[in-house]
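Just so you know, we're using my numbering here: the sequence shown kicks off at 78 and counts up by one. The block underneath contains the structure these notes are about, expressed in structure tokens.
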Amino acid sequence: MLSESYYEKITRIASKMTNNILSHGISVGVLYGLSTWQADYTSNRPIHEKLEELDEKISKLEEKK
């Protein structure tokens, strides 16, 4: 059983990406987001795995702040 719905997870990740764009600048946030989603499109993993990986990457960025 998933602890949160896809909608909640996508909303939380989108919020983190927006915060990264605001704090690191448009180019860094957008390039990071595009590169992450592009990598996801080329893989055949289930969406929940992709969302968890994206969440982990964004959390690592937040730790570097």
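Every residue, glycine too, gets a C-beta built ideally from N, C-alpha and C.
How many angstroms separate the CA atom of residue 89 from the CA atom of residue 141?
Counting from one through the sequence shown, the residue named residue 89 turns up at place 12. Counting from one through the sequence shown, the residue named residue 141 turns up at place 64. For residue 89 and residue 141, the distance between alpha carbons rounds to 19 Å.
Between the beta-carbon of residue 86 and the beta-carbon of residue 135, is there less than 8 Å?
Residue numbering aside, residue 86 sits at position 9 when the sequence shown is read from its first letter. Residue numbering aside, residue 135 sits at position 58 when the sequence shown is read from its first letter. No, these two residues do not count as a Cβ contact at 8 Å.
When 91, 96, 82 and 83 are compared against residue 139, the one with the closest alpha-carbon:
Taking the first residue of the sequence shown as position 1, residue 139 is located at position 62. Ranked by Cα distance from residue 139, the first of 91, 96, 82 and 83 is 96.
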